[in-house]
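Numbering (the numbering used here), first residue to last: 33 to 356.
See the structure below:
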């Protein structure tokens, strides 16, 4: 279960991060699921007499708790005025009321009121597995490596892609070299799907503060999440250099060596261990130069006009001289 966190202003003309407060935006499926669970729990507790409605009014169907309590206070004020008495009123507002309740206390209450074990397990999993991610931080995507995360917050950061597309690689810039190896990358195909890890993730240090992470996906990605201690020192995130414009485009080559077809070079996956030489190859290969009459060539044709900023070529594993 993942909630998208957004920051809303806490006061007029808010500018600094300390003037905002986070709210969680749960996905629609999660809202429906927990509303059904809450409705059934309420019915179970009220029908079995586990709730004293003379005291507990919040969350009870058909009972306006705020209105009733306000009416009680108003009546007390009127009585005090008419009888010329003193009245002391204490307003108690718990800071972070939801997050300050110990989880074990919730489980204890569920057990005390004989809530079915399956519901107890579901709620326990909700608290233990749920994630909160934020999409704030213009410093992360402003193309300025000098602006970094300065609030010391190590909460996961999620970037929502304007145009969803498959991932190939990301580049991360951090403020301190000690952070460069303390970063985890995950992605989601939509806000309602669970986060997925890069199964073929590989990384390469460009320098002490820049890390390239290769993360090929065969699915369209909507959200990229960075987590780990390195979030404290994040400065910039580049995703696929914009995107891999060659991915799944039309290709051709001068000849084909066994099963190494031209299209394999734009399938989004590099050569890796355990890949079958013929059927499951992920590289292209023209005929052997010793037997070919002319030098081989390979071509990709884009479906639309594109602006290219960078070429990244992965060599076939075990053939270190192929790119010379």
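Ideal Cβ placement from N, Cα and C applies to all residues, glycine included. Quantities reported herein were computed from a predicted structural model and do not represent experimental measurements.
Quiz item: Where residue 139 and residue 67 are concerned, what is the direct C-alpha to C-alpha distance, given to the nearest angstrom?
Solution: As a working mapping, residue 139 is identified with position 107 in the chain shown. As a working mapping, residue 67 is identified with position 35 in the chain shown. Looking at the two C-alpha atoms, the distance is approximately 19 Å.
Practice problem: Helix, strand or coil for residue 319, going by three-state DSSP, please let me know. | Solution: Indexing the chain shown from 1 puts residue 319 at position 287. Residue 319: coil per DSSP, three-state reduction.
Quiz prompt | Proximal residues to residue 214 (C-beta, below 6 Å), its chain only, five neighbours per side dropped | solution = Along the chain shown, read from residue 1 onward, the residue named residue 214 stands at position 182. Leaving aside the five residues that flank residue 214 on each side, the residues in its chain whose CB is nearer than 6 Å to its CB run, in chain order, 260, 261 and 262.
Exercise. Could you give the DSSP three-state label for residue 61: helix, strand or coil?
Key: On the chain shown, position 29 is the one that residue 61 refers to. It is helical.
Self-check item: Any C-beta of chain D under 8 Å from that of residue 137
Solution: Looking for chain D here will not work: only one protein chain is present.
Quiz item: If we ignore side chains and look at the alpha-carbon of each, how far apart do residue 117 and residue 146 end up?
Solution: On the chain shown, residue 117 is found 85 positions in, with the first residue counted as 1. On the chain shown, residue 146 is found 114 positions in, with the first residue counted as 1. Distance between the alpha carbons of residue 117 and residue 146: 45 Å.
Quiz prompt | Where the beta strand (DSSP E) through residue 285 begins and ends | solution = Your numbering for residue 285 matches position 253 in the chain shown. It spans 282–285 - the beta strand (DSSP E) in which residue 285 sits, taken as one unbroken run.
Quiz item: So the beta strand (DSSP E) residue 236 belongs to, where does it begin and stop?
Solution: The sequence position of residue 236 within the chain shown is 204, counting from 1. Unbroken beta strand (DSSP E) run through residue 236: 234–239.
Quiz item: Does the region 263–272 touch the region 195–213, meaning 3 or more C-beta pairs lie closer than 8 Å?
Solution: yes
Exercise. Please confirm whether residue 189 and residue 73 have their CB atoms less than 8 Å apart.
Key: Working through the chain shown from its first residue, we reach residue 189 at position 157. Working through the chain shown from its first residue, we reach residue 73 at position 41. The answer is no: Cβ separation not under 8 Å.
Exercise. Specify, as a first and last residue, the run of the alpha helix (DSSP H) that residue 124 falls within.
Key: Taking the first residue of the chain shown as position 1, residue 124 is located at position 92. Residue 124 -> no alpha helix (DSSP H), and no H or E assigned at all.
Quiz item: Can we say the region 218–229 touches the region 285–301, given the rule of at least three CB pairs closer than 8 Å?
Solution: In the pairwise beta carbon analysis, the region 218–229 is classified as not touching the region 285–301: fewer than three pairs are separated by under 8 Å.
Practice problem: Could you pull out every unbroken beta strand (DSSP E) segment of at least 3 residues lying fully inside the region 195–227, listed in chain order? | Solution: 201–206 and 216–220
Quiz item: What is the DSSP secondary structure of residue 67, reduced to helix, strand or coil?
Solution: Residue 67 sits at position 35 when you count from the first residue of the chain shown. Three-state result, residue 67: helix.
Practice problem: Helix, strand or coil for residue 298, going by three-state DSSP, please let me know. | Solution: In the chain shown, counting from the first residue as 1, residue 298 sits at position 266. Note: residue 298 maps to helix in three-state DSSP.
Exercise. Provide the residue(s) that pair with residue 229 in DSSP beta bridges, ordered along the chain.
Key: As a working mapping, residue 229 is identified with position 197 in the chain shown. Per DSSP, 218.
Self-check item: Cβ separation of residue 85 and residue 95, assumed to be a contact under 8 Å, to the nearest whole Å
Solution: Taking the chain shown and counting its residues from 1, one reaches residue 85 at position 53. Taking the chain shown and counting its residues from 1, one reaches residue 95 at position 63. Sure, about 7 Å apart at Cβ, within 8 Å.
Practice problem: Taking residue 334 and residue 281 to be in contact with their CB atoms under 8 Å, please state how far apart those CB atoms are, rounded to whole angstroms. | Solution: In the chain shown, counting from the first residue as 1, residue 334 sits at position 302. In the chain shown, counting from the first residue as 1, residue 281 sits at position 249. Indeed, because the Cβ distance is near 6 Å, the residues count as touching under 8 Å.
Quiz prompt | residue 199 versus residue 340: straight-line alpha-carbon distance, rounded | solution = As a first step, residue 199 is located in the chain shown; it is residue number 167 there, counting from the start. As a first step, residue 340 is located in the chain shown; it is residue number 308 there, counting from the start. Their Cα atoms are separated by approximately 17 Å.
Practice problem: Quick one: give me the first and last residue of the beta strand (DSSP E) that residue 243 is part of. | Solution: What you label residue 243 is simply residue 211 of the chain shown in a count that begins at 1. Residues 242–246.
Practice problem: Ignore the nearest five residues each way along the sequence and tell me which others in residue 216's own chain have a CB closer than 6 Å to its CB. | Solution: Counting from 1 along the chain shown, the entry for residue 216 is found at position 184. Hits under 6 Å: 259 and 260.
Quiz item: Near residue 179, which residues of its chain fall below 7 Å by C-beta distance, leaving aside the five closest residues on each side in sequence?
Solution: Counting from one through the chain shown, the residue named residue 179 turns up at place 147. 171 and 267, listed in sequence order.
Quiz prompt | Endpoints, beta strand (DSSP E) assigned at residue 271 | solution = Residue mapping note: residue 271 aligns to position 239 of the chain shown, counting from 1. Segment 266–271, the beta strand (DSSP E) holding residue 271.
Quiz prompt | Nearest residue (CA-CA) to residue 193, options 81, 255 and 208 | solution = Stepping through the chain shown from its first residue, residue 193 is reached at position 161. It is 255.
Self-check item: Own chain, CB closer than 7 Å to residue 196, minus 5 neighbours either side, in chain order
Solution: For the purposes of this step, residue 196 is identified with residue 164 of the chain shown, where counting begins at 1. Apart from the 5 residues on each side of it in sequence, residue 196 sits with its Cβ closer than 7 Å to the Cβ of 252, 253 and 254 in its chain, given in chain order.
Quiz item: What first and last residue would you give for the beta strand (DSSP E) that runs through residue 331?
Solution: Here residue 331 corresponds to residue number 299 of the chain shown, with the count starting at 1. Where residue 331 is concerned, the enclosing beta strand (DSSP E) stretches over 330–333.
Practice problem: For residue 101, count neighbouring C-beta atoms within 10 Å of its own C-beta (all shown protein chains included) and say buried if the count is 16 or more, exposed if not. | Solution: Walking along the chain shown from the start, residue 101 turns up at place 69. By the 10 Å Cβ count, residue 101 comes out exposed.
Quiz item: Tell me the DSSP bridge mates of residue 259?
Solution: Reading the chain shown from its first residue, position 227 is the one you call residue 259. DSSP output for residue 259 lists 216 as bridge partner(s).
Exercise. State the Cα-Cα distance for the pair residue 245 and residue 231, rounded to the nearest angstrom.
Key: For the purposes of this step, residue 245 is taken as residue 213 along the chain shown, with counting starting at 1. For the purposes of this step, residue 231 is taken as residue 199 along the chain shown, with counting starting at 1. Each residue's alpha carbon lies about 12 Å from the other.
Quiz prompt | Option nearest residue 234 by Cα separation, candidates 228, 241 and 248 | solution = Counting from one through the chain shown, the residue named residue 234 turns up at place 202. With distances taken between Cα atoms, residue 234 lies closest to 248.
Quiz prompt | DSSP-derived helix/strand/coil call for residue 4 | solution = This structure leaves residue 4 out entirely; the chain is present only between 33 and 356.
Quiz prompt | Cβ-Cβ distance between residue 316 and residue 330 below 8 Å | solution = By 1-based counting over the chain shown, the position of residue 316 is 284. By 1-based counting over the chain shown, the position of residue 330 is 298. Yes.
Quiz prompt | DSSP three-state assignment for residue 150, whether helix, strand or coil | solution = The residue given as residue 150 occupies position 118 in the chain shown. Note: residue 150 maps to helix in three-state DSSP.
Quiz item: Using a Cβ-Cβ cut-off of 6 Å (strictly less than) and excluding sequence neighbours within five positions of residue 4, which residues of its own chain qualify?
Solution: Since the first residue shown for the chain is 33 and the last is 356, residue 4 is missing from the structure and cannot be characterised.
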